[in-house]
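Below: the structure, in structure tokens.
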Ligand code: SF4
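Numbering (my numbering), first residue to last: 636 to 1012.
In structure tokens:
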């Protein structure tokens, strides 16, 4: 049976007002963003709304809609209103949650009032305190973006509907800095949910701060963070750990990159092109293209989902290398996200470049659960 759509990730703007040094979109090998319109046009917005509503009527499960960029707020209030209201006319918030991932700089009351009335939650990208955030998250002149982002979070928190609006923070791990400082800072900012990402990298280009395939800088950092999390009497939920626990208990995870369930994720570019997960771009130029270069202007989403190329792409989540297939942690780790498995010589046929980091943190969580008498897979 063809996979259903889990996540429609919409690139409302293909440019950014920040110039983060680790960005997989603008600092990676792929340059296709240069050919994209800077912002989604009204025509594409109309086609996208139409196709997502058709898809909602075609499949049994609901799906998540994520507004992304570049910086999604660069689309501007009028077009964002048209997009969101158009979707919300037919897609209710329970089955079709809409969220927005932003760097926070452009958040203002007008945007927040729109998001509040149409039930759009907001997650803000910030890597920790100023020391952590300034390592990579700079503007096009190389200046710190920290205060702009923190001001955006303050605006979010001071809105009357902030409890719904502020979904949480998304942070890229800076393994050279203490995890406890990051955790304490994000908690002091009022983040209601924290999520963390590894830095981009693969077997040909090791991630920042990782000295070799067998080193465990990220695993050590995550173990320190897990210690903060479990020793805090009032912890802030951290999805990365909660998914490891779920998977260790034999349940499913909630996001690509952990576990072995394939996810039905499609990206919609500003010109309407339908693509694979854009994190694949860090592997090679064009890694996220479907051969047919489908576009919402003339293609039904169900036609993409039922294609053999989509099935192949979705099943990339399941690792194919022998090391992963025989690994005792495979059901929890899932081989990590495909982009981390890449090398010119072996393609995606390898364990994650973070394999040893995954082993370290998963074993640490498992030991903790077993100490508490919990049975794990
Ligand atoms: S990446 Fe490493 S830890 Fe993960 S499944 Fe593969 S071999 Fe196991």
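Ideal Cβ positions, reconstructed from N, Cα and C, are used throughout, including at glycine. All of these numbers come straight from a predicted model, not from anything done at the bench.
query: With a Cβ-Cβ cutoff of 9 Å, do residue 871 and residue 911 count as a contact?; result: no
query: Can you check whether the CB of residue 712 is closer than 9 Å to the CB of residue 702?; result: no
query: Less than 9 Å between the C-beta atoms of residue 759 and residue 739, yes or no?; result: yes
query: Residue 969 to residue 962, Cα distance in whole Å?; result: 10 Å
query: For residue 964, verify whether its CB is less than 8 Å away from any heavy atom of ligand 1.; result: yes
query: Where does the unbroken beta strand (DSSP E) through residue 699 begin, and where does it stop?; result: 699-703
query: Determine the DSSP secondary structure at residue 1005, reduced to helix, strand or coil.; result: helix
query: Is the beta carbon of residue 850 within less than 8 Å of some heavy atom of ligand 1?; result: no
query: May I ask which residues mark the beginning and end of the alpha helix (DSSP H) holding residue 735?; result: Element bounds for residue 735: not the alpha helix (DSSP H) but the beta strand (DSSP E), 733-737.
query: In whole angstroms, what is the alpha-carbon distance linking residue 677 and residue 736?; result: 21 Å
query: Does DSSP classify residue 979 as helix, strand or coil?; result: coil
query: Using a Cβ distance threshold of 8 Å, determine whether the stretch 830-838 contacts the stretch 797-816, with at least three qualifying pairs required.; result: yes
query: Decide if the stretch 670-687 is in contact with the stretch 783-799; the criterion is three or more beta carbon pairs, one per stretch, under 8 Å apart.; result: no
query: In this structure, how does DSSP classify residue 833 when only helix, strand and coil are distinguished?; result: coil
query: Just to confirm the assignment, what range does the alpha helix (DSSP H) spanning residue 815 have?; result: 814-823
query: Quick one: what does DSSP say residue 984 is sitting in, helix, strand or coil?; result: coil
query: Report the start-end ranges of each beta strand (DSSP E) in the stretch 885-951 that is 3 residues or longer and not cut off at the edges.; result: 900-903
query: Restricting to runs no shorter than 3 residues, where is the beta strand (DSSP E) found entirely within the stretch 757-812?; result: 801-807
query: Can you tell me where the beta strand (DSSP E) holding residue 879 begins and where it ends?; result: Here residue 879 belongs to no beta strand (DSSP E); instead the alpha helix (DSSP H) covers 874-883.
query: Report the option in 935, 939, 723 whose CA atom is closest to the CA atom of residue 926.; result: 939
query: For residue 842 and residue 855, I'd like the C-alpha separation in whole angstroms.; result: 15 Å
query: Could you check which residue in 770, 777, 797, 762 has the C-alpha nearest to that of residue 750?; result: 797
query: Would you call the stretch 973-989 and the stretch 953-961 touching, i.e. three or more CB-CB distances under 8 Å?; result: yes
query: Quick check on residue 851: does DSSP put it in helix, strand or coil?; result: coil
query: Can you find the residues in the same chain that come closer than 8 Å, C-beta to C-beta, to residue 799, ignoring five residues on each side of it along the sequence?; result: 751, 754, 756
query: Applying the criterion that 16 or more other CB atoms from any shown protein chain within 10 Å of the CB defines a buried residue, is residue 884 buried or exposed?; result: exposed
query: Return yes when the Cβ of residue 731 is within less than 9 Å of the Cβ of residue 700, no when it is not.; result: yes
query: Which two residues bound the contiguous alpha helix (DSSP H) that contains residue 691?; result: 677-693
query: When the Cα atoms are used, what is the spatial distance from residue 876 to residue 640?; result: 25 Å
query: With distances taken between CB atoms, is the gap from residue 673 to residue 709 smaller than 9 Å?; result: yes
query: Could you name the residues that DSSP lists as bridge partners for residue 643?; result: 700, 901
query: Which whole-angstrom value is the C-beta distance of residue 646 and residue 909, which I expect to be below 8 Å?; result: Residue 646 to residue 909, Cβ: 11 Å. No contact.
query: Can you check which of these residues, 975, 761, 812, 937, is closest to residue 952 by C-alpha distance?; result: 975
query: Can you tell me whether residue 730 is helix, strand or coil according to DSSP?; result: coil
query: DSSP three-state label for residue 864, please.; result: helix
query: Heavy atom of ligand 1 less than 8 Å from the Cβ of residue 987, yes or no?; result: yes
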